[in-house]
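Counting from 1, position 84 in the sequence shown corresponds to residue 84 in the UniProt record's numbering; the numbering is continuous, with no gaps.
Quick reminder that beta carbons are idealized off the backbone N, C-alpha and C, glycines included.
Some notes on the structure that comes next.
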Amino acid sequence: MNSHIKMDLVHEADIVVAPLTITSDRERVVDFTTPFMEFGLSVMYQKMDRPHPDPLSFMEPLSTEIWMCISFAYLGVSVVLFLVSRLSPSEWGAPLNKSKTPTDPNLEGDEGDGAVDTSHTDSIFSIFNSFWFALSTFVQQGGDIVPRSLSGRIVGGAWWFFTLIIVSSYTANLAAYLTVERMTNPIQSYEDLARQSKVKYGIIKSGSTRDFFEVGPNLDSGKGYGVATPPGSDLRDRLNLAVLELKEMDWIAQLYRLWWEERGECGKMDKSADVSGGSCHFGYLHMQTDEWAGKLRLR
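Following this line, the structure appears as structure tokens:
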């Protein structure tokens with residue numbers, strides 16, 4: 001590309017106004033003016049469709065090790081609560097058979113005199129009820145049974161505090177996980193693009209971007225567009241003065257905001273659009289170009 005620039009300047013043109021980046025290789029064959037626009041490398045890629053959600057995505061906020069620890073803690077607390085309830089006398093006070101009452105007319109003998117058989121009692125925290133209590137409190141639903149012994153309440157209180165910390169952490173991590181998932185892009189920088197091989201990308205064969213990827217991070221600096229002139233041309237100094245004046249008057253920045261920021265987004269093409277609308281835009285562009293050219297006129 002450098003040879004084409006040199007050929008154009010020597011045989012056909014006095015200056016080249018194009019998106020030419022100022023590089024050392026090009027500076028050897030032509031002279032560049034002061035950069036009239038600074039820029040950096042940007043990566044443009046097609047918007048990727050979001051993958052289908054994983055049925056187990058609700059487990060992503062916590063690591064596998066944390067879920068395993070929660071499972072072991074659940075099993076351990078359930079077994080400990082069962083053993084504590086079996087060993088504590090305070091849990092052994094519930095009659096197994098409460099269907100017969102002293103006022104039942106069908107009772108005979110001693111039972112009809114108002115006595116209740118409490119010889120067969122059992123702890124309300126059976127192994128099944130212990131697992132049910134631990135599960136219901138873990139999902140913040142409470143339980144239909146509560147421990148009555150001091151040791152059982154200590155175990156239950158420790159489990160409640162543990163579940164409070166876990167549920168609070170899970171809720172916070174879930175909100176952050178869903179937010180990051182929406183904002184995640186496969187390519188965050190040109191370094192990510194160069195390191196991966198899944199996404200195919202292309203660059204201009206003889207452009208400065210190719211040199212950037214060949215050299216690597218040593219070229220990680222701001223670049224600029226400049227106007228090229230033949231070596232030793234007196235137009236260079238006059239162009240430098242004109243570019244500096246346009247920068248001081250903020251004209252280049254205004255044109256950038258007008259055509260890149262305000263009108264940079266491409267709209268959908270409407271084949272049925274009236275021709276007069278395009279004429280208005282062309283006339284506006286023509287006026288802006290003439291005014292800008294007047295500012296850039298060499299004196």
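In the three-state DSSP reduction, F133 falls in the helix class (H, G or I). For F133 and R195, the gap between their C-alpha atoms comes out near 52 Å.
Looking at the DSSP output, F82 sits in no beta bridge, so it has no partner there. Secondary structure within the segment 143 to 199: not one fully enclosed beta strand (DSSP E) run of 3 or more consecutive residues is present. A straight-line Cα-Cα distance of about 28 Å links S168 and S149.
In this structure, S130 lies near V79, with their beta-carbon atoms less than 9 Å apart. No residue range can be given for K205, since it is assigned to no alpha helix (DSSP H) and is classified by DSSP as neither H nor E.
Counting other Cβ atoms within 10 Å of its Cβ, T179 stays below 16 and is therefore classed as exposed. Approximately 5 Å separates the beta-carbon atoms of G224 and I22; this is inside 8 Å, confirming the contact. Y225 is bridged by DSSP to T21 and M37.
A Cβ-Cβ contact shorter than 9 Å links I124 with I145.
Residue pairing by DSSP puts F32 in a beta bridge opposite A228. The beta carbon of D14 is closer than 8 Å to those of T229, P230, S233 and L235 in its chain, skipping five residues each way along the sequence. Boundaries of the alpha helix (DSSP H) harbouring R238: L235 to E248, taken from the DSSP string. For a cut-off of 8 Å, the C-beta gap from T64 to V243 is around 60 Å, too long to register as a contact. Within the same chain, Cβ atoms closer than 7 Å to the Cβ of P35 are found at I22, G224, Y225 and G226, the five residues on either side in sequence being excluded. Around F58, the same chain offers L174 as residues with beta carbons nearer than 8 Å, after the five sequence neighbours per side are excluded. The Cβ atoms of I154 and F82 lie no closer than 9 Å to each other. Take the alpha-carbon of E12 and the one of W260: they are about 31 Å apart. Rounded to the nearest whole angstrom, the CA to CA distance from G156 to T163 is 11 Å. Across the set W160, L241, K198 and I70, the C-alpha of W160 shows the shortest separation from the C-alpha of Q140.
Taking P19 as reference, the option from S90, E191, F39 and E60 with the minimal CA-CA separation is F39.
In this chain, the alpha helix (DSSP H) harbouring A253 covers W251 to Y256.
Taking C-beta atoms as the reference points, S85 and P147 count as a pair closer than 9 Å. Classified as exposed, D192 has fewer than 16 neighbouring CB atoms from the shown chains inside 10 Å of its CB.
Taking C-alpha positions only, Y177 is separated from E60 by approximately 8 Å.
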